[in-house]
Amino acid sequence: MKDTREFMAAEAVKMNGAAVGIPTRNLQFKHPDEVPRYFAYNGSVVGTTLKAVFSAIFPPGERYFVESVRHFRDQVKDPVLKAKITGFIGQEAMHGREHEELNEWFEKRGFDMAFPEAQIKFSLWLCERFSPSQQLAITTLAEHFTAHLAEEWLTHEEFRGSTHAEMLKLWTWHGIEELEHKEVAYDLLQQVSENEHLERILAVPIIVTCMVPGILTSWAYLIAREGKLFDVQRNLSDLWALFKPGGFLTNVLVQMPQFLMKDFHPNQRDTRALVERYRQEYFSEKGTVAEEFKNRKAVAG
Ligand SMILES: [Fe+2]
Ligand SMILES: [Fe+2]
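Using this note's numbering, you'd call the opening residue of the sequence shown number -8 and step up by one each time.
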């Protein structure tokens, strides 16, 4: 028994995210000048500013997710979960860095990113008022939402067919990795929380009151800054594209209620085949992001 424990402890030290399917890929994107100002949904202001709001959320939001997970890392004995946490932290750190770069691109194009960034910082400050395990439950809900966003980034034909190819690379990479690590925060919550189901349920009103108003205000603000708030016909048609049956956001929102089920688990939705297909297409030697993927050999090794 002692030998087994010592072996597991030694393995835990050796294991990293890559060993459990969550490698830290160092991708560095350039956003070329030819990328149009409104790069999403065939020149849609509504669609592109929504992307800008998401991108503003990611760097501070993912830092918050990482901190909420890191808080409990030392309590974890299971070497596999420990390695998954390492992978989760590494992937989210890279996402934050690349979205900061993208946010600079938005700034250079004249989008006022300071406004959504201030909104999200305030929202996260409110979320930080809760207990560590409640904060981890908030992260699990945010990760559930992001995993379904990710699935749409990878599969929604209207989104993929109408977004500039250079920009699509970043969102696809981010999407693949969100699916790779979607269960990590959830599995950790199961281990460390004394009332994980209640905390998951409470995460819903917390996010709805602390975060959603800032997101919607930021979205409307960025559209207004573009001088397009009263371009009613185009905006309504772009909103319909997002919220119609089968629309990008509808597909995400209809997946939210299952998070409230007591026996919910992120892996009940099997996305392994989707992830594997994109891994081949994107991360292989001649893959779509071969140039951006700076540590491909190390990850492959
Ligand atoms: Fe992420
Ligand atoms: Fe994530």
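Virtual Cβ for every residue (Gly too), placed ideally from N, Cα, C.
Look at the alpha carbon of Met(-8) and the alpha carbon of Gln182, and state the distance between them as a whole number of angstroms. Low per-residue confidence applies at Met(-8): pLDDT is 47, beneath 50, and the placement is therefore not dependable, though the value from the model is reported in the following sentence. Spanning the two alpha carbons is a distance of roughly 23 angstroms.
Since Ala47 contacts Pro107 with CB under 8 angstroms, what's their CB separation in whole angstroms? 4 angstroms
Can we say the stretch 115 to 130 touches the stretch 171 to 180, given the rule of at least three CB pairs closer than 8 angstroms? yes
Is the closest heavy atom of ligand 1 to the C-beta of His139 under 7 angstroms? no
Nearest to Phe150 by CA position, among Pro236, Lys21, Met247, Asn33, is which residue? Among Pro236, Lys21, Met247, Asn33, the Cα nearest to that of Phe150 belongs to Asn33.
Please list the terminal residues of the continuous alpha helix (DSSP H) segment that includes Asn242. 239 to 244
Can you list, in chain order, the stretches of the beta strand (DSSP E) that have 3 or more residues and sit fully within the stretch 33 to 97? none
When burial is assigned at 16 or more other CB atoms within 10 Å of the CB, is Lys160 buried or exposed? buried
What separation, rounded to the nearest whole angstrom, lies between the Cα atoms of Gly52 and Ile13? 20 angstroms
Heavy atom of ligand 1 within 7 angstroms of His135 beta-carbon: no
In the structure shown, what three-state DSSP assignment does Phe150 receive? helix
Host alpha helix (DSSP H) of Gly218 (start-end): Here Gly218 belongs to no alpha helix (DSSP H), and DSSP marks it neither H nor E.
In chain order, which alpha helix (DSSP H) runs of at least 4 residues are fully inside the stretch 182 to 235? Segments of the alpha helix (DSSP H) lying fully in the stretch 182 to 235: 187 to 201, 203 to 216, 223 to 234.
With DSSP collapsed to three states, give me the class of Phe255. coil
Does the stretch 246 to 256 come close enough to the stretch 186 to 193 that 3 or more CB-CB pairs lie under 8 angstroms? yes
Please report the residue range of the alpha helix (DSSP H) in which Ile167 lies. 156 to 171
For Phe106, three-class secondary structure by DSSP: helix
Where Thr208 and Met202 are concerned, what is the direct C-alpha to C-alpha distance, given to the nearest angstrom? 10 angstroms
Tell me the DSSP secondary structure of Phe30 in three-state form. In this structure, DSSP gives Phe30 a state outside helix and strand, which the three-state scheme calls coil.
Answer yes or no: the CB of Phe250 versus the heavy atoms of ligand 2, is any distance below 7 angstroms? no
Alpha-carbon spacing of Thr39 relative to Gly238, whole angstroms: 16 angstroms
How far does the alpha helix (DSSP H) with Phe274 in it extend, from its first residue to its last? 263 to 274
In angstroms, rounded to a whole number, what distance separates the CA positions of Val44 and Trp210? 6 angstroms
Would you check whether ligand 1 has a heavy atom nearer than 7 angstroms to the C-beta of Phe45? no
Are the beta-carbon atoms of Tyr273 and Val280 separated by less than 8 angstroms? Contact flag set, yes.
Is it buried or exposed for Glu148, if we count other Cβ within 10 angstroms and need 16 for buried? exposed
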